[in-house]
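Trainee:
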Amino acid sequence: MTAEFRTSAMQWISSLSTCPSLEAAVEDVVQQAQAALPTRADLGLVFISSAFASEYSRLMPLLQARLP
Numbered sequence: 001m002t003a004e005f006r007t008s009a010m011q012w013i014s015s016l017s018t019c020p021s022l023e024a025a026v027e028d029v030v031q032q033a034q035a036a037l038p039t040r041a042d043l044g045l046v047f048i049s050s051a052f053a054s055e056y057s058r059l060m061p062l063l064q065a066r067l068p
């Protein structure tokens, strides 16, 4: 039995927003990512500024709404 392996190069992008509101920043980076990636991403790593510390709990719902 022969095993077939398909390999592909890992693709990645990074995006940054300087928008002052969390909603605008999420919208901005999502648009940048979707414009740069040829297909849907399998994994996303998100770093959020401590300037948004009081809004951390809102980040995931905003991302989930924007990336169904």
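In terms of the numbering used here, the sequence shown has 39 at position 39, counting the first letter as 1, and numbering is strictly consecutive. Just so you know, even glycine gets a beta-carbon here, dropped at the ideal spot from N, CA and C.
1. Classify ALA41: buried if its beta carbon has 16 or more other beta carbons within 10 angstroms, exposed otherwise.
2. Terminal residues of the continuous alpha helix (DSSP H) containing ARG58?
3. Please classify GLU4: does DSSP put it in a helix, a strand, or coil?
4. Starting from the C-beta of LEU59, find all residues in its chain whose C-beta is less than 8 Å away, skip the five residues before and the five after it, and write them out in chain order.
Mentor: The relevant details are as follows:
1. ALA41 comes out exposed.
2. 56-66
3. coil
4. LEU22, VAL26, VAL46, ILE48 and PHE52
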